[in-house]
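Numbering (this note's numbering), first residue to last: -6 to 546.
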């Protein structure tokens, strides 16, 4: 439950420190006194976004702090998962600087707003005037029915699985779109790969064939040059080989006369050996040199094929073509992988769908079983709110396909008068009827949910007199298992308070500020009397207020 609320420097609130009790906490005050401002401050620690406009004094930061005790045990796991300290008290705090920068804390640990919002979903049920519209939403109506049927946990499991199923469906649709879009690309990639595979490009093939072609193109010149060289070396009348041999013989005759001449003879011998080596090379070159026009043409055709492929694929060399071929193979494998992924995801979505049908069937059975009792209980609550002829009908119709709620569409239909056609709640014209219906639904479901604090903001709008008195009785009854905070203009509801706060405004030094006072016994009587007759209250109103409080005990 909400133990305390401290508001510092928010809107027209300078500083307020409130302590709440178990049971029914009533907040009253004239229109415009600041009751909604108080709820606005509380909404900040519930995770609502804010800016610097909320600051009363622009030189100081705004601080809102709410302290909760006896909070649901389900929050313990959440606190552990988010590395938040656990204690007897759960302290939520928001700070807003003059720049508009906001910070959120849980037990003095900084958190983001989503964490704070998730915590408050387990702590507070806020029913404001505009939120009465919530009762006409399918989500609210299904959650209410499941709470009463004891299937909330089952539905949460179903809903989580359904979201997984929908995500899988979206993913599957996306993959199929990719597959359809890639079908033409796949054919083109396969064609390109087949062309390269048929070409059978080998590493460094272009360079090797270019060298071979160059040799073939110049084979005649090579052979002529080799033959001429061989002729000069050893076949002419004055061949180089003969000249060197003759000179060597003459140098040998003089070798004993001079050591340098003897060394020169060795050089001549080496020259003869080099010429012999050169002749062997010439023979090999002549033997390997070809004059083959057909081979030359085949090489040109092969190189032309390689050049065209390089140009087509914007490759610099055969190594680039081989790399491109590898990429094309990977692309084709990717298309195959996509097909496999689609098949796997189709199997997964079917498994999820089968599981969802099992859960949905169980939900349907339990909802149908409780439906009549829920209608009866809410009819009883409406009777106690002076709507004896009002009734509801929980319309459960098979859905065309599985949806987020299960195998059917669920809608609460409301009939305010006997004999009138039950209609969807959104078509109810009267605000008072919506207020009473909301309270009847909340009263029915309250015992089935673990919600420490329920806040009602002018739930009694559009009602007065005996109906307001009965609303007060229901709120008083709800305050047994829950802490109730109710903002009201009704003296009948106010009379049932376990703790009564008055919100009022005062002007000081040219500024208007909102204050909150915890009323004692006589102050309560005066406040309720003023609600009955105005300020100052009449003696009759004071007596009437006293009677209302006495009757409510």
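The beta carbon of each residue, even a glycine, is placed where N, CA and C say it ideally should be.
Item: Residue 456 and residue 142 closer than 9 Å at C-beta; Value: no
Item: Residues bridged to residue 513 (per DSSP); Value: Paired residue(s): none; residue 513 is not in a bridge.
Item: Burial state of residue 204 (16 or more Cβ within 10 Å); Value: exposed
Item: Euclidean distance between Cα positions of residue 536 and residue 413; Value: 41 Å
Item: Presumed contact (8 Å Cβ cut-off) between residue 364 and residue 389, rounded CB distance; Value: 7 Å
Item: The stretch 6 to 22 / the stretch 470 to 482 touching (three or more Cβ pairs under 8 Å); Value: yes
Item: Contact between the stretch 254 to 270 and the stretch 233 to 241 (3+ Cβ pairs under 8 Å); Value: yes
Item: Alpha-carbon to alpha-carbon, residue 375 and residue 400; Value: 29 Å
Item: For residue 150 and residue 133, the rounded distance between their alpha carbons; Value: 17 Å
Item: Status (buried if at least 16 other CB within 10 Å, exposed otherwise) for residue 123; Value: Note that residue 123 has pLDDT 36, beneath the 50 cutoff, so the model's placement of it is unreliable and the number below is only indicative. Classification for residue 123: exposed.
Item: Contact belief for residue 314 with residue 194 at Cβ below 8 Å, rounded distance in angstroms; Value: 5 Å
Item: Helix, strand or coil at residue 185 according to DSSP, with G and I counted as helix; Value: helix
Item: Continuous beta strand (DSSP E) assignments of at least 3 residues falling wholly in the stretch 130 to 169; Value: none
Item: Simplified DSSP assignment, three categories, for residue 13; Value: coil
Item: Inter-residue CB distance, residue 219 and residue 279 (contact presumed, cutoff 8 Å); Value: 5 Å
Item: Proximal residues to residue 463 (C-beta, below 8 Å), its chain only, five neighbours per side dropped; Value: 377, 378, 379
Item: Exposure label - residue 520; buried when at least 16 CB within 10 Å; Value: buried
Item: First through last residue of the beta strand (DSSP E) which encompasses residue 396; Value: 384 to 396
Item: Environment of residue 250 [buried if 16+ CB atoms lie within 10 Å]; Value: exposed
Item: Close beta carbons around residue 298, own chain, < 7 Å, minus the five adjacent residues each side; Value: 192
Item: Straight-line Cα distance separating residue 161 from residue 398; Value: 18 Å
Item: Where residue 352 falls, given that 16 or more other Cβ within 10 Å makes a residue buried; Value: buried
Item: Beta-carbon separation (whole angstroms), residue 524 vs residue 21, contact threshold 8 Å; Value: 7 Å
Item: Identity of the residue in 140, 53, 2, 517 nearest residue 30 by Cα; Value: 2
Item: Cα-Cα separation between residue 490 and residue 56, rounded to whole angstroms; Value: 28 Å
Item: Below-9 Å beta-carbon distance, residue 103 vs any chain D residue; Value: Considering every chain present, this structure includes no chain D. It has just one protein chain.
Item: Cβ contact check for the stretch 236 to 249 and the stretch 330 to 341: 3 or more pairs under 8 Å; Value: no
Item: CB contact flag (residue 418, residue 360, <9 Å); Value: no
Item: Chain-order list of residues whose beta-carbon lies under 7 Å from that of residue 37 (same chain, five-residue window excluded); Value: 43, 57, 87
Item: Residue 505 beta carbon less than 9 Å from that of residue 495; Value: no
Item: Chain-order list of residues whose beta-carbon lies under 6 Å from that of residue 78 (same chain, five-residue window excluded); Value: 100
Item: Segment limits, alpha helix (DSSP H) that includes residue 93; Value: Careful: residue 93 lies outside any alpha helix (DSSP H) and carries neither H nor E.
Item: Continuous beta strand (DSSP E) assignments of at least 3 residues falling wholly in the stretch 459 to 533; Value: 476 to 480, 492 to 501, 504 to 511
Item: Beta strand (DSSP E) segment containing residue 3, residue limits; Value: -5 to 3
Item: Range of the contiguous beta strand (DSSP E) that encloses residue 406; Value: 399 to 408
Item: Residue 123 (DSSP reduced to helix, strand or coil); Value: The predicted model places residue 123 with a pLDDT of 36, which falls under 50 and marks its position as unreliable, so this point remains unresolved.
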